[in-house]
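Everything in the sequence shown is counted per the working numbering, starting at -15 for the first residue and increasing by one.
Here is the structure we will look at.
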Amino acid sequence: MVGIPRRRLLRLAALSAVLPVWPGQLRADDYPSRPLHLIAGYPPGASPDIIARLIGDGLSQRIGQQLIVDNRPGAASNIATELAAHSAPDGYTALIAVSTNAINTTLYRNLNFNFSKDFAPVAGIGVTPFLIAANPAFPAKTIPELIAYAKANPGRANFATQGVGTGPHAAAELFKMMTGTDLVHVPYKGNYNTDLLGGQIPLAFAPIAQVIEYIRDNRLRVLGVTTAARSDALPDTPAIAEFVPGYEASGWYGIVVPTGTPPEIVDKLSAAILATVNDPPVKSKLVAIGVVPKPMTVAEFGKFIADETQKWAKVIKFADLKVD
């Protein structure tokens, strides 16, 4: 066996002493060197999928690698979130985070992950109203008419969402609580647009991006938006708060990665996402589907998630929401 000269051994020992304890830093300068996977907890055509693909197209061009949107719907996005949480923290798997993730932190008691601890914030993308969309055959045409109808027909007006504990579901429960109405929740595992358009379900609390084109071509009617003010995308549609003072609920989108992802990689990915969101054509596309661009840095997005988690925890506890 050939021995290593003592002088070379000393040089190797000195070099090893200054090397980082995690190997990711060695690859940060070359990141990314292969395609990235962005996991979405919703089916194709749902709002988070639309945003993921819109951002993904611009991001792929900016980083020089393909970004693959991986749809893993089910369990109010918990299936996708658990998969992402247990992925390698190397910057090649990310999750499109939405308001539902902050809600689920309180709503679900026995998750196999902790959203607050198992993910590192990367960048915020934007905020969006939910809205109450109705099949044109539904008798109520305004928020006051909906409230009156629901009170006259308790338990007879069904509304769809993408699942228990989603942002739209929480917005609906807040509406029920503040108006004293008895609307019946029908959670869908897949996309409910077909049933809403066909009249099998009369109402939906929906992300604006998911239904805005159907509203614009008059295939659906919109009764109100959940943000405190009207949406620029639907300026003629009143805010629910105009009839229910103090009502407000917003959705949001951002990117997170598993905790332990090297900071240099997080920062590099964050910069690329922020540049993509700030790109005028991307901004225009977001605005066109009702999303207000709100690019947030790592620190800003981390604080935003913490604040949202605290806010919805109070609503869930007050309304005594429980998973079915």
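All residues carry an ideal CB built from backbone N, CA and C; glycine is no exception.
Based on the DSSP secondary-structure assignment, which residues constitute the bridge partners of residue i?
{"i": "Y231", "result": "Paired residues: none, contrary to the question."}
{"i": "V168", "result": "N142"}
{"i": "Y237", "result": "V82, G110"}
{"i": "G208", "result": "I116"}
{"i": "M280", "result": "G108"}
{"i": "I52", "result": "H21"}
{"i": "A223", "result": "V209"}
{"i": "P242", "result": "F103"}
DSSP on residue i, reduced to helix/strand/coil?
{"i": "P123", "result": "coil"}
{"i": "P264", "result": "helix"}
{"i": "A72", "result": "coil"}
{"i": "T178", "result": "helix"}
{"i": "P273", "result": "The sequence shown places Ile at residue 273, rather than the Pro named in the question. The answer is coil: DSSP assigns I273 none of H, G, I, E or B."}
{"i": "A30", "result": "coil"}
{"i": "P57", "result": "coil"}
{"i": "F189", "result": "strand"}
{"i": "T163", "result": "helix"}
{"i": "F103", "result": "strand"}
{"i": "T77", "result": "strand"}
{"i": "R46", "result": "helix"}
{"i": "N202", "result": "coil"}
For residue i and residue j, which I take to be in contact (beta-carbon distance under 8 Å), what is that distance rounded to the nearest angstrom?
{"i": "L207", "j": "I127", "result": "5 Å"}
{"i": "I39", "j": "A64", "result": "About 16 Å; that fails the 8 Å criterion."}
{"i": "V195", "j": "P171", "result": "About 17 Å separates the two Cβ atoms, so there is no contact after all."}
{"i": "Y133", "j": "P123", "result": "6 Å"}
{"i": "S31", "j": "A193", "result": "4 Å"}
{"i": "S100", "j": "T293", "result": "7 Å"}
{"i": "G238", "j": "A81", "result": "5 Å"}
Rounded to the nearest angstrom, what separates residue i and residue j at their Cα positions?
{"i": "Q49", "j": "Y15", "result": "10 Å"}
{"i": "N94", "j": "V307", "result": "11 Å"}
{"i": "E232", "j": "S17", "result": "43 Å"}
{"i": "L115", "j": "V275", "result": "12 Å"}
{"i": "A59", "j": "K298", "result": "22 Å"}
{"i": "L218", "j": "D13", "result": "44 Å"}
{"i": "A68", "j": "K135", "result": "42 Å"}
{"i": "P105", "j": "E248", "result": "13 Å"}
{"i": "P242", "j": "A72", "result": "7 Å"}
{"i": "V168", "j": "P246", "result": "45 Å"}
{"i": "T163", "j": "L270", "result": "31 Å"}
{"i": "I289", "j": "R214", "result": "24 Å"}
{"i": "P279", "j": "Y92", "result": "29 Å"}
{"i": "A225", "j": "L20", "result": "41 Å"}
{"i": "D166", "j": "K252", "result": "48 Å"}
{"i": "V240", "j": "N137", "result": "43 Å"}
Nearer than 7 Å: is that true of the beta carbon of residue i relative to any heavy atom of the ligand SAH?
{"i": "E66", "result": "The ligand SAH is not part of the structure shown, which contains no ligands of any sort."}
Just to confirm my understanding: we take residue i, look at its own chain, exclude 5 residues before and 5 after, and list those with CB closer than 8 Å. What are they?
{"i": "T260", "result": "I39, G42, L43, R46, V266"}
{"i": "K301", "result": "T90"}
For residue i, I'd like the list of residues in its chain whose CB is within less than 6 Å of its CB, leaving aside the five on either flank, ordered along the chain.
{"i": "G183", "result": "N119, A121"}
{"i": "P57", "result": "Y26, P27"}
{"i": "D304", "result": "none"}
{"i": "M161", "result": "A303"}
{"i": "I199", "result": "V206"}
{"i": "L258", "result": "A107, P279"}
{"i": "V117", "result": "The question names Val, but residue 117 is Ala in the sequence shown. Same-chain partners within the cutoff: A188, A190, V195, L204, V206."}
Please work out which residues of its chain come closer than 7 Å, Cβ to Cβ, to residue i, disregarding the five sequence neighbours upstream and downstream, and give them in chain order.
{"i": "P152", "result": "F114, T145, Q146, F189, A190, P191"}
{"i": "N175", "result": "P27, G29, A30"}
{"i": "R283", "result": "A small fix is needed here, since residue 283 is Ala in this sequence, not Arg. Result list for A283: empty, nothing under 7 Å."}
{"i": "I131", "result": "T163, T165"}
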